[in-house]
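Taking it in order: structure first as structure tokens, then the write-up.
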Amino acid sequence: DDLLPTTMDKEFGEEVRSILSARGARIITGDTVAEITGSAKTTGVRLAGGASVEADVVIVSVGYRPNLELARKMGLDVHPRFGIKANEFMRTSAPGVFAVGDVAAKHHFLTGDFSPLMLASTAMAQGRLVGTNLYDVKVLKGFGGVLGTFSTKIGDTAFASTGLTEKQAKALGIEYVVGEFETMDKHPGKLPGSHKQKVKLLFSRCNHVLIGAQIRGGVSVGEMINMLALLVQTHTTDMNMNTMQIGTHPLLTASPIVYPVINATVNAILKWYKS
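Every number in this note's numbering is 9 more than the matching position in the sequence shown, counting from 1.
This is the structure in structure tokens:
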């Protein structure tokens with residue numbers, strides 16, 4: 010019943026619901042489409058629960074899967090659901106053959122499990138790795154897995170995430186501590202174009218490493234999540250983030266006194282010691 014359930018926790022999904030509802034969208038969850046009605050043209054859909062919804066256009070999202078026909082003809086090792094199997098340097102089971110992007114099977118950076126994520130940014134990271142090794146720039150570090158770094162904009166509000174959500178961490182049995190902070194993304198907050206910005210961070214309880222982040226705010230969210238993705242990828246701890254040196258400017262960022270990434274980190278650190 011949640012919105013953005015695979016990328017954001019419930020509280021962010023509820024904010025998305027509120028924004029869409031305020032713009033006149035009717036949101037139906039917990040039901041499925043039984044039939045698209047109309048003959049010469051679409052007139053609506055009939056839901057499995059019995060209700061009908063009028064519609065001029067129906068957009069169907071049915072998911073995706075890699076096309077493995079060529080890979081199978083070549084005799085490559087494949088996973089029937091996730092794609093062509095490749096090692097951390099994107100080498101397949103055939104000498105001199107690499108697989109990158111949507112067709113390649115991927116593992117999650119934090120869990121090691123197969124991941125269905127198909128993102129252009131992931132394909133580019135894999136492509137750069139293969140390209141540099143092909144052209145005499147030998148890269149020793151392989152592709153460690155996908156983080157699922159995500160961003161979108163709904164109305165005037167941006168949402169973004171990377172790594173694990175609380176729901177995912179709980180399902181995996183990972184113990185964690187949450188740090189949260191909300192402030193304005195410019196200082197003072199009455200400056201034109203200012204937007205409330207909320208940061209939520211998840212740290213592993215066993216080693217204090219950042220394992221997930223979610224943000225809601227203005228356009229700066231898009232680049233802030235990229236920074237946080239790097240911090241997850243480099244196994245950065247809360248104490249390292251607490252002493253992170255940043256650049257701030259009234260027209261560009263939150264105040265250095267209430268910079269949300271650092272203050273959310275401090276919020277998590279305080280929870281460690283209070284518990």
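Glycine residues also receive a C-beta, built at the ideal position from the N, C-alpha and C atoms.
Here the structure is a predicted model, which means the values were calculated and not measured.
Going by C-alpha distance, which of Thr141, Glu63 and Gly151 is nearest Ala95? Gly151
The stretch 153-164 / the stretch 243-254 touching (three or more Cβ pairs under 8 Å): no
Measuring only between beta-carbons, confirm whether Ala113 sits less than 8 Å from chain C. Looking for chain C here will not work: only one protein chain is present.
Three-state class that DSSP yields for Thr274 in the structure shown: helix
I'd like to know whether the C-beta atoms of Glu232 and Lys209 end up nearer to each other than 8 Å. no
Are the beta-carbon atoms belonging to Ile163 and Ile28 less than 8 Å from one another? yes
With DSSP as the reference, label Glu44 as helix, strand or coil. strand
What did DSSP end up calling Lys199 once you bin it into helix, strand or coil? coil
Between which two residues does the alpha helix (DSSP H) harbouring Gly22 extend? Lys19 to Ala31
Do Val112 and Gly92 have their C-beta atoms closer together than 8 Å? yes
Buried/exposed call for His258, threshold 16 Cβ in 10 Å: exposed
Quick check: the Cα distance between Ala180 and Ser170, rounded to an integer number of angstroms? 18 Å
Beta-carbon separation (whole angstroms), Met253 vs Ile271, contact threshold 8 Å: 6 Å
Extract the residue ranges of the alpha helix (DSSP H) inside the stretch 169-248, only unbroken runs of 4 or more that lie entirely within it. 175-181 and 230-242
When DSSP labels each residue in this structure, what does Val112 get in the three-state scheme? helix
Applying the criterion that 16 or more other CB atoms from any shown protein chain within 10 Å of the CB defines a buried residue, is Leu173 buried or exposed? buried
Alpha carbon to alpha carbon, how far is Arg26 from Ala167? 13 Å
Contacts around Ser203, its chain only, beta-carbon distance under 7 Å, and the 5 residues preceding and following it disregarded: Met193, Asp194 and Lys195
Below 8 Å on the Cβ atoms is my guess for Val241 versus Leu219; work out the distance and round it to an integer in Å. 5 Å
Going by C-alpha distance, which of Ala277, Asn216 and Gly110 is nearest Met133? Gly110
What separation, rounded to the nearest whole angstrom, lies between the Cα atoms of Lys199 and Gly227? 14 Å
By the three-class DSSP mapping on this structure, what secondary structure does Ile163 have? strand
Ile278 to Leu239, Cα distance in whole Å? 20 Å
In terms of residue numbering, what span does the alpha helix (DSSP H) encompassing Glu78 cover? Glu78 to Met83
Considering Cα atoms alone, identify which of Ile36, Ala178, Glu23 and Ala103 is closest to Thr120. Ala178
Inter-residue spacing [alpha-carbon to alpha-carbon] between Ala87 and Ala114: A small fix is needed here, since residue 87 is Val in this sequence, not Ala. For Val87 and Ala114, the distance between alpha carbons rounds to 8 Å.
With distances taken between CB atoms, is the gap from Gln206 to Ala273 smaller than 8 Å? no
Once you ignore the five residues that flank Phe98 on each side, which residues in its own chain have a CB closer than 6 Å to its CB? Gly151
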